[in-house]
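Have a look at the structure below before the remarks.
There are 2 protein chains.
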Amino acid sequence: MATIKDVAQLAGVSVATVSYVLNDSMPVSEATRNKVLAAVAKLGYQPHRQGRNLQRQRTLTIGVLLPQANLLCELDLATWLLEATNAATSAGYSLLLQPADSQARGDLADGWISFGTVLDPQLPQIWALAPPFEQPAVLCDAAFAAQRAVETLTHAGMQRIGLITLPRSIPGSARWYLGYRRALRRAGIAFDPALVVEPADNRFHDGVAAYEALAASENDYDGLIVCGNQLATGVVMVDHAKVPLIVSHSNTQRGISGFRWPTELWAHTLVRKLLQQLDGSAIAHRTWLNPSLVIGSLGFKEDLDGFNYV
Amino acid sequence: MATIKDVAQLAGVSVATVSYVLNDSMPVSEATRNKVLAAVAKLGYQPHRQGRNLQRQRTLTIGVLLPQANLLCELDLATWLLEATNAATSAGYSLLLQPADSQARGDLADGWISFGTVLDPQLPQIWALAPPFEQPAVLCDAAFAAQRAVETLTHAGMQRIGLITLPRSIPGSARWYLGYRRALRRAGIAFDPALVVEPADNRFHDGVAAYEALAASENDYDGLIVCGNQLATGVVMVDHAKVPLIVSHSNTQRGISGFRWPTELWAHTLVRKLLQQLDGSAIAHRTWLNPSLVIGSLGFKEDLDGFNYV
DNA sequence: CTCATCTATTTAAACGTTTAAATAGAGTAT
DNA sequence: ATACTCTATTTAAACGTTTAAATAGATGAG
Numbered sequence: 006m007a008t009i010k011d012v013a014q015l016a017g018v019s020v021a022t023v024s025y026v027l028n029d030s031m032p033v034s035e036a037t038r039n040k041v042l043a044a045v046a047k048l049g050y051q052p053h054r055q056g057r058n059l060q061r062q063r064t065l066t067i068g069v070l071l072p073q074a075n076l077l078c079e080l081d082l083a084t085w086l087l088e089a090t091n092a093a094t095s096a097g098y099s100l101l102l103q104p105a106d107s108q109a110r111g112d113l114a115d116g117w118i119s120f121g122t123v124l125d126p127q128l129p130q131i132w133a134l135a136p137p138f139e140q141p142a143v144l145c146d147a148a149f150a151a152q153r154a155v156e157t158l159t160h161a162g163m164q165r166i167g168l169i170t171l172p173r174s175i176p177g178s179a180r181w182y183l184g185y186r187r188a189l190r191r192a193g194i195a196f197d198p199a200l201v202v203e204p205a206d207n208r209f210h211d212g213v214a215a216y217e218a219l220a221a222s223e224n225d226y227d228g229l230i231v232c233g234n235q236l237a238t239g240v241v242m243v244d245h246a247k248v249p250l251i252v253s254h255s256n257t258q259r260g261i262s263g264f265r266w267p268t269e270l271w272a273h274t275l276v277r278k279l280l281q282q283l284d285g286s287a288i289a290h291r292t293w294l295n296p297s298l299v300i301g302s303l304g305f306k307e308d309l310d311g312f313n314y315v
Numbered sequence: 006m007a008t009i010k011d012v013a014q015l016a017g018v019s020v021a022t023v024s025y026v027l028n029d030s031m032p033v034s035e036a037t038r039n040k041v042l043a044a045v046a047k048l049g050y051q052p053h054r055q056g057r058n059l060q061r062q063r064t065l066t067i068g069v070l071l072p073q074a075n076l077l078c079e080l081d082l083a084t085w086l087l088e089a090t091n092a093a094t095s096a097g098y099s100l101l102l103q104p105a106d107s108q109a110r111g112d113l114a115d116g117w118i119s120f121g122t123v124l125d126p127q128l129p130q131i132w133a134l135a136p137p138f139e140q141p142a143v144l145c146d147a148a149f150a151a152q153r154a155v156e157t158l159t160h161a162g163m164q165r166i167g168l169i170t171l172p173r174s175i176p177g178s179a180r181w182y183l184g185y186r187r188a189l190r191r192a193g194i195a196f197d198p199a200l201v202v203e204p205a206d207n208r209f210h211d212g213v214a215a216y217e218a219l220a221a222s223e224n225d226y227d228g229l230i231v232c233g234n235q236l237a238t239g240v241v242m243v244d245h246a247k248v249p250l251i252v253s254h255s256n257t258q259r260g261i262s263g264f265r266w267p268t269e270l271w272a273h274t275l276v277r278k279l280l281q282q283l284d285g286s287a288i289a290h291r292t293w294l295n296p297s298l299v300i301g302s303l304g305f306k307e308d309l310d311g312f313n314y315v
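Protein sequences, first through last, are from chains Z and D.
Numbering-wise, the first sequence is residues 6 to 315 according to our numbering.
Numbering-wise, the second sequence is residues 6 to 315 according to our numbering.
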């Protein structure tokens, strides 16, 4: 690997001059600039990150604290990471993965993305899921989704809408409930706690159990909202869309109505926000993104004809 | 952040001694060792990666070339990355994400994990999916899976077994076909090309199309193997397990028989292999891992009673 | 012609480590 | 006592950059 010294030697100038050309941090005459650039091109020189960082005290790296396994199922993490990587790379940064439970190595990255664990409150960081109050975050609004779901069902004439929530151990689960309550209130429909079931955990058989609990309670309901990918898989297995159904994520079960989470936009926005923060710019403390409802072919499509569900 | 100088000063020794204690690269008397360790503990000192790397010419980082989106669906990449991160972290390494199509920055990592793109043949790297011939790799054996699937069906008395392959654009797709052919040959069953359908692409509606093509061809079949997660989702939607069905991945569609890919083991093994290679140890050029068949509750469980399918 | 001013360039220190080489100090054999 | 060996420790160079400070060279004013 060619170093800056090699470039300097080949161009017949000092290393400082090369550095000045490459970062244009000092005026350099046209003639020497050309000599330097020619040498750079000839040697295929690329500055050595480690060396540069040592001096600049910047790692040009963004750390990601990988969430626990049980969070993963509610988030297309692979797509998320791919998009975040793209965003970081195009800004000259790299993404570094770190298990959330490892002890903090704060100096490995300039900033951190967190899905659920505080690294060290001192370090620059940004959240992607249900942050502690003080931390900046870019979030997808589950309350909005829940509200849209309820509105869609009530617009189609339903009045008793069941809700299978996420278990409260999942960060942000409360917001589904919040949106549900809010939409009911706005629609002037009385809240009936018997229509809400919280599953024990987030696995597919918990969805089955929750669904059966709802069915066994002899509470009649004419529409159902299921929060959570895994849960919904279970519910769909048992229910076969007997009542109009809206699930939290549209991506796995086709035919069922559900929400498209703006994963790419989410990752992109978050990375750029973090980079702005690192640049010292003031950033909005909270940025909310809205999922969009995708009506599937199964269930109640005919009931919704003429309803603008974009 | 405390530096090694601070530690040296506090302990009343030279920086070299501190370094020798921390890496035990030179003998140090018990007394000074204790002084140093006390100082380290008191200051909460952790060596600065950049500085260390600069000297050692090691980044202590493993790069991951993130695969294209259409590969992702056949691989639980989130779990894979989490496990790889754990393995790397416990060896003192970090994982660095890089888009496969970005121009190579080889010096960012000591070694590279590749899912489908060659970074630079010179760089130390290891493959996780269908490598070029010369590259070392740790792979999950789809041929083994296909063979197990065929065996399972023939053991249950089936003779005409349909195969919906992966599109050949997917790396490694040929191995499904290979295993299928091999198992048929061993079972003494004639190969009928009419029972094999290659879908146009890897999306769920391609599965639907492939299934319908097979059904329309009026070829009777008594068992079906579907390679690919997305494809299987489509097939299951249409078929509802009319014939005994085995799909490539067991994780999303429960009730259906399918394979459990040893994702955690896979990631772990691959990372350790790469680290061995970086240490200069000779490593096996190919390591094969076998997926295991999980028989679901739907379909032909009763036909398999008494058959040892572990 | 001298001095000041400005610009382009170089020198050298610094960042936080590791490590080869030098040194100090203790013990041992002569 | 002297020289030698061995061990524990320090000194200083090196890794690849950036950048403050120094310097050289040109231009212009007096």
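The beta-carbon is built from N, C-alpha and C at its ideal position, and this holds for glycine as well.
All values reported here derive from a predicted model rather than from experimental measurement.
Pairwise C-alpha distance: residue j and residue i
i	j	result
Val26/D	Ala92/D	26 angstroms
Asp308/D	Leu298/D	Here Asp308/D scores only 47 on pLDDT, less than 50, and its place in the model should not be relied on; the value that follows carries that caveat. Straight-line Cα distance between these residues: approximately 16 angstroms.
Ala16/D	Val33/D	14 angstroms
Glu156/Z	Ala192/Z	8 angstroms
Ala289/D	Ala272/D	16 angstroms
Tyr314/D	Ala154/D	Any reading at Tyr314/D is ruled out, since the residue's pLDDT is 34, under 50, leaving its predicted position unreliable.
Arg190/D	Leu158/D	14 angstroms
Met6/D	Pro52/D	10 angstroms
Leu250/D	Pro249/Z	29 angstroms
His254/Z	Ser24/Z	50 angstroms
Gln281/Z	Ala142/D	39 angstroms
Ala21/Z	Arg277/Z	31 angstroms
Met242/D	Met242/Z	11 angstroms
Asp310/D	Phe149/D	Residue confidence for Asp310/D is low, a pLDDT of 44 falling below 50, so the modelled location carries little weight; the figure read from the coordinates is stated next. Taking the straight line joining both Cα atoms gives about 22 angstroms.
Pro198/D	Ala220/D	14 angstroms
Ser4/D	Ile175/D	Limits of chain D in this structure are 6 at one end and 315 at the other, which puts residue 4/D out of reach.
Thr66/Z	Gly56/D	15 angstroms
Ala36/Z	Gln127/D	35 angstroms
Thr90/Z	Arg63/Z	18 angstroms
Glu217/D	Gly239/D	10 angstroms
Lys40/D	Leu283/Z	38 angstroms
Asn295/D	Phe209/Z	26 angstroms
Ile261/Z	Val252/Z	7 angstroms
Ala188/D	Ala44/Z	60 angstroms
Arg54/Z	Pro72/D	24 angstroms
Gln130/D	Gly49/D	35 angstroms
Closest residue to residue i among the options (Cα-Cα distance)
i	options	result
Leu144/D	Val123/D, Leu275/D, Ala21/D and Tyr226/D	Leu275/D
Gly285/Z	Asp115/Z, Ile251/Z and Leu71/Z	Asp115/Z
Leu80/D	Ala46/D, Phe120/D, Leu42/D and Arg61/D	Phe120/D
Ala151/D	Gly162/D, Val69/D, Phe264/D and Glu88/D	Phe264/D
Leu279/D	Trp266/D, Trp117/D, Val20/D and Val240/D	Trp117/D
Gln110/D	Val12/D, Thr84/D, Ile131/D and Gly68/D	Position check: residue 110/D holds Arg in this sequence, whereas Gln was assumed. Residue Gly68/D is the option with its Cα nearest to Arg110/D.
Leu42/D	Ile9/D, Thr64/D and Leu219/D	Ile9/D
Phe138/Z	Phe149/Z, Ala148/Z and Gly177/Z	Gly177/Z
Val86/D	Thr268/D, Trp293/D, Arg291/D and Gly301/D	This sequence places Leu at residue 86/D; Val is not what is there. Comparing Cα positions, the closest option is Thr268/D.
Tyr226/D	Asp211/D, Val213/D, Phe196/D and Thr238/D	Phe196/D
Thr292/Z	Leu128/Z, Tyr50/Z, Gln140/Z and Gly97/Z	Gln140/Z
Ile300/Z	Ala161/Z, Pro126/Z and Ala287/Z	Ala161/Z
Arg38/Z	Gln62/Z, Gly56/Z and Val12/Z	Val12/Z
Ala147/Z	Pro126/Z, Gln130/Z, Gly184/Z and Ile131/Z	Gly184/Z
Asp206/Z	Ile194/Z, Arg186/Z and Ala237/Z	Ala237/Z
Ser95/Z	Lys40/D, Arg63/D and Gln108/D	Gln108/D
Asn28/D	Gln14/D, Arg61/D and Gln73/D	Arg61/D
Ala74/Z	Ser19/D, Thr84/D and Gln73/D	Thr84/D
Whole-angstrom C-beta distance between residue j and residue i, which should lie under 8 angstroms
i	j	result
Leu113/Z	Ser99/D	6 angstroms
Leu101/Z	Leu101/D	6 angstroms
Ala105/D	Thr122/D	4 angstroms
Gln103/D	Leu82/D	The pair is not a contact, with the Cβ atoms about 14 angstroms apart (cut-off 8 angstroms).
Residue i Cβ short of 7 angstroms to the ligand SAH heavy atom set
i	result
Arg277/D	As presented, the structure is devoid of all ligands, the ligand SAH included, so that no description of it is given.
Q) Below 8 angstroms, can you find three or more Cβ-Cβ pairs linking the region 194-214 of chain D to the region 156-169 of chain D? A) yes
Q) At a cut of 8 angstroms, does the region 170-184 of chain Z reach the region 221-239 of chain Z through at least three beta carbon pairs? A) yes
Q) What are the residues of the region 36-63 of chain D that lie near chain Z, defined by any Cβ-Cβ distance shorter than 8 angstroms? A) Gln51, His53, Arg54, Gln55, Gly56, Asn58 and Leu59
Q: Name, going along the chain, the residues of the region 79-98 of chain Z whose beta-carbon falls closer than 9 angstroms to a beta-carbon of chain D.
A: Leu80, Asp81, Leu82, Ala83, Thr84, Trp85, Leu86, Leu87, Ala89, Thr90, Asn91, Ala93, Thr94 and Ser95
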